[in-house]
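In the numbering used here, the protein residues as written are 15 to 416.
What follows is a set of notes on a single structure, which appears directly below.
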Ligand code: PMT
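The following block contains the structure:
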């Protein structure tokens, strides 16, 4: 079991009221509640009737550890913790997803259900993470409502861009729950990287063998995306070059999606110049020498693959005449520091972040423990959430990199 110190819990003792309104992204509310609890927050959930069409109160009750509030007219719930008490209890209210309808209610002071009533009755800080069809988001009425809310001090977590459930492409997707938690925990944005261009690689690469098979690894992209989100919050202009992941690009970050190591290198070179380059991607070292144009047939008892080396992206960026400050990772299963030091020298990076990986370690999980290795300095950091770690790493490198 991993013990996490309370100092690693950025929302320790914070009372978070999570409001979920009725959109397809309501299912992400479950992960949001889980991450808020992991960040140390006390969580209570309020759902609108429409939200219950997308996710059950039972799921959110199990995750938050408290009954879900969903009605102004429930005498039992009012007897336990009435709506005014609930509004007073909260330090922060986060509504995610916030539909066009609920934003309109908030903007115009309607109070015809529990969530909209709570918003009027609370003195807590209010955060909304809008999510809706891209046309609805861009509609003048919605934009005017959002502007009104911002003018009144409501924090708006901008929606991410991408493919939507309805098939449209554009702004309106709910940011990943991890990005919402990052926004909540980084309430006081710093200017450490003000105006600096930071290029970050994230996720795995996929090296195709034929149209249906590829070589890849376990990287989820969480570490790289957390770095992108934290750098953006610190004032950087961020280009995130991502291998295939299930994550949404953090709001305000320019995301370029690629699949292979060669495509990732091309995108990185295209993104230059930059002040800081962070290689968090798990790039395949080799790719199949030949890529079948059709699905390759089964080949008897054994099948040998011919592999050729991929370009080393980090080393290529370190060799540029206008070399940025270069940060690499070393994902190792043994001899961690020795191999990190080798990579520091061989690739020409300024820092290598040594990252022990294995089952439930490093890859895919929400927490990570790393050691920063520089030419004359080694610093081990404690286990913490990748969201927190991203900020700590950026704060550590800011001195040398900016
Ligand atoms: O994505 P997550 O699930 O959150 O997991 C995070 C992580 C474990 C992937 C991340 O923290 C990490 O350690 N990333 C580096 C993984 C890796 O490929 O390490 P490596 O030791 O093989 O490579 C060393 C460095 O060279 C890395 O910075 C890598 O991005 C870079 N590299 C490697 C090969 C290559 N052809 N080009 C590169 O740029």
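Backbone N, C-alpha and C fix where the C-beta goes; we use that ideal spot for every residue, glycine too.
Everything numeric in this text was worked out from a predicted model, so none of it was measured.
Option nearest residue 167 by Cα separation, candidates 121, 154, 63 and 126: If we check each option's Cα against that of residue 167, 121 comes out closest.
C-alpha distance - residue 29 paired with residue 106, whole-angstrom precision: 6 Å
Candidates 230, 291, 115 and 254: closest to residue 362 by CA position: Among 230, 291, 115 and 254, the Cα nearest to that of residue 362 belongs to 291.
Integer Cβ distance of residue 365 from residue 392, believed to fall under 8 Å: With a Cβ gap of about 11 Å, residue 365 and residue 392 do not count as contacting.
Own chain, CB closer than 8 Å to residue 360, minus 5 neighbours either side, in chain order: 329
Nonlocal neighbours in the same chain, by C-beta distance under 7 Å from residue 414, ignoring five residues either side: 339 and 364
Proximity of residue 24 and residue 401 at Cβ, strictly below 9 Å: yes
Simplified DSSP assignment, three categories, for residue 146: coil
Close Cβ partners of residue 15 (< 7 Å) along its chain, the five nearest in sequence each way excluded: Residue confidence is low: residue 15 scores 29 on pLDDT, short of 50, so the model does not pin down where it sits. Its coordinate-derived value is still stated next. Cβ neighbours of residue 15 beyond the five flanking positions: none.
Proximal residues to residue 17 (C-beta, below 6 Å), its chain only, five neighbours per side dropped: Caution applies to residue 17, whose pLDDT of 35 falls short of 50 and renders its modelled position unreliable; the model cannot decide the point.
Neighbour-count burial assignment, residue 357, 16 or more Cβ in a 10 Å radius: Residue 357 is buried by the Cβ-count criterion.
Where residue 140 falls: helix, strand or coil (DSSP): strand
Residue 328 beta carbon near the ligand PMT (any heavy atom closer than 8 Å): yes
Meets three-Cβ-pair contact criterion under 8 Å: the region 304-313 and the region 248-255: no
Pair within 9 Å by beta-carbon distance, residue 108 and residue 141: In contact: residue 108 and residue 141 (Cβ atoms closer than 9 Å).
Identity of the residue in 31, 67 and 36 nearest residue 56 by Cα: Residue 31 is the option with its Cα nearest to residue 56.
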